[in-house]
Each structure stands twice: as structure tokens, then as C-alpha cells.
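Chemist: Counting with this note's numbering, you get residues 841 to 1067 for the letters of the sequence shown. Cβ atoms here follow ideal geometry from the backbone N, Cα and C, with glycine treated the same way. Owing to the predicted nature of the structure, the values given are computational and were not obtained by experimental measurement.
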Amino acid sequence: MKVDALRLIGVQRRYLQGDTPLEILRGAELALRPGEAVALTAPSGAGKSTLLHVAGLLERPDAGDVIVRGASTSAMSDDGRTALRRSSIGFVYQFHHLLPEFTARENVMMPQMIRGLDKREAGRRADELLAYLGLGAREAHRPAELSGGEQQRVAIARAVANAPHVLLADEPTGNLDPRTADHVFETLMALVRATGLAALVATHNFDLAQRMDRRITLRDGLIVETK
């Protein structure tokens, strides 16, 4: 039996607005399986970014648990959460956040070297990923020399450089024209299918959402399956 790549159990998250608690997540439940792409569609302000931050171990829930590959994180130290996040979770955002002074290849090498991989092996892995994503001829270019779609594909390569089990994407095609967005989406889906990644993708693009395996939304702080 396969272990879920990511599971949320009764996750609650609230913030203080002045003296008033603002309930964002009220017991969110989610299971994300290996090789599955799930679309998260919800109105602005519903809590999509909060859900991704909690699922990605960037924020602690106020109650409940986030389980990554069978490992409970509720009692995990900050150092333990950081180590698990680096090894098991990749992030892609609407804006690529590439380091402008480094080449595409160096941007993909960086997270691997931070994790402790030697430069030669990190370079080999970067070459493989960039070639797979159709960027082999562009790996020596800096971000400013790349198109928007190329920059986002480099960001995807960087996100999966450490072979994570879970990929969390926040509007990864939101800053691209429709044709480029479709190409980046197809790249992302090809990676999910080829590697067994579990992907949770927040998007306002309902056409792309319909092409994923499942669709969920947030209603009153709860995760609800949609058609």
C-alpha cells in the first residue's frame, strides 16, 4: 500500500486582526497521493496561500497535523521541519524568484548544494533537468536573458532538483500568456507523471484545473472536493 505523499489532518490556522481572531483553516483535511496532480481553486482571500504555507511546513498550524511521507510534523523541531522541507517539498510561485546574478544552471544547482551535494553532482543533475525541460541550450543564460516561460521552467527545475516527494505551486502560470502558460503546465504535468511527484497547484485557470486529476476548493476554512 502506497504511503500518502502529504496528508493534512484537522488543520486549523488563525491570525489576530487587532484583538479578533480570524479563522482561516477550521479543520482542513487532505490526502495527496504520489503521482497525483490536484488543483486548488478558490476565491482570493479564501486561504489558498495559507494552506500552501502550512502544507509546505513554512507555517505551523494552530491545531492538527501535517504528515509528509508518513512522518508527523506536529511535534517536530524547527530544524527538523526545515530538513524535511528541503528534502521532501518543492515550491513554485507565480513569480519565478530566480537569483538574477546566476545562470539557469547555477540556479538549479543552488538548492542541491545547500542540501550538501557536491558541485559536480549538482551540476550533472541540473544539466539533466534543464535538458528534460527543453532548456539545455539556455542553461548558461541569466534570468534576464530568458523569456517568462523559460524562467518559470527553470523555477520548476529548481523546485524538483532535490527530488522532492511533494510539489506545491502557487499560481505557477498566473504571470504568463495563455500559450506560454499551457506549455509550462504541460511541462509540470510531465514531471509529475515521470517522477511520481504529488503536486498541489493553486490556480485561477479553470481550464488547466480541469486537466488535473482532482479539484478542491476552500469553503469556510474546510477543503471540499469539486467537479
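Just how far apart, CA to CA, sit F942 and A966?
Modeler: Approximately 13 angstroms between the Cα atoms of the pair.
Chemist: Would S889 pass as an interface residue toward chain C - the criterion being a Cβ-Cβ separation below 8 angstroms?
Modeler: This model lacks chain C altogether, as it is built from one protein chain only.
Chemist: Find out if the Cβ-Cβ distance for the pair R853, T881 is shorter than 8 angstroms.
Modeler: The answer is no: Cβ separation not under 8 angstroms.
Chemist: DSSP puts G930 in a beta bridge; with which residues?
Modeler: Partner(s): L1007.
Chemist: Taking the CB atoms as reference points, tell me whether V878 and M1052 lie closer together than 8 angstroms.
Modeler: Yes, the pair counts as a contact, with Cβ atoms nearer than the cut-off.
Chemist: Where does L969 land, buried or exposed, given buried means 16+ other C-beta within 10 angstroms?
Modeler: Answer is buried; the Cβ neighbour count reaches 16.
Chemist: In whole angstroms, what is the alpha-carbon distance linking L986 and D859?
Modeler: For L986 and D859, the distance between alpha carbons rounds to 47 angstroms.
Chemist: Out of curiosity, what's the CA-to-CA distance linking R1059 and I864?
Modeler: Near 10 angstroms, if we compare the C-alpha coordinates of I864 and R1059.
Chemist: Assuming P940 contacts R982 (C-beta within less than 8 angstroms), just tell me the rounded distance between them.
Modeler: Confirmed, about 6 angstroms.
Chemist: Taking only runs that begin and end inside the region 1034-1061, name each unbroken beta strand (DSSP E) of 3 or more residues, in chain order.
Modeler: 1038-1042 and 1054-1059, all fully within the region 1034-1061.
Chemist: Consult DSSP for L891 and reduce its assignment to one of helix, strand or coil.
Modeler: The answer is helix: DSSP assigns L891 an H, G or I state.
Chemist: Find out if the Cβ-Cβ distance for the pair N947, L957 is shorter than 8 angstroms.
Modeler: Not in contact: N947 and L957 (Cβ atoms no closer than 8 angstroms).
Chemist: When you compare each of R978, R925, G867 and D1047 to P901 by their alpha carbons, which one comes out closest?
Modeler: Nearest option by C-alpha distance: G867.
Chemist: Might you give, ordered along the chain, the residues of its own chain that have their beta carbon closer than 6 angstroms to the beta carbon of I849, omitting 5 neighbours on each side?
Modeler: The answer, listed in chain order, is G904 and D905.
Chemist: So, are the CB atoms of L1016 and A997 less than 8 angstroms apart?
Modeler: For L1016 and A997, no; Cβs fall outside 8 angstroms.
Chemist: Kindly list the residues whose CB is nearer than 7 angstroms to the CB of G896, restricted to its own chain and excluding five residues on each side of it in sequence; keep chain order.
Modeler: Cβ neighbours of G896 beyond the five flanking positions: R925, I929, F931 and L1008.
Chemist: In this structure, does DSSP put A879 in helix, strand or coil?
Modeler: Reduced to three states, the DSSP call for A879 is strand.
Chemist: Kindly indicate the opening and closing residues of the beta strand (DSSP E) around V851.
Modeler: Unbroken beta strand (DSSP E) run through V851: L846 to Q857.
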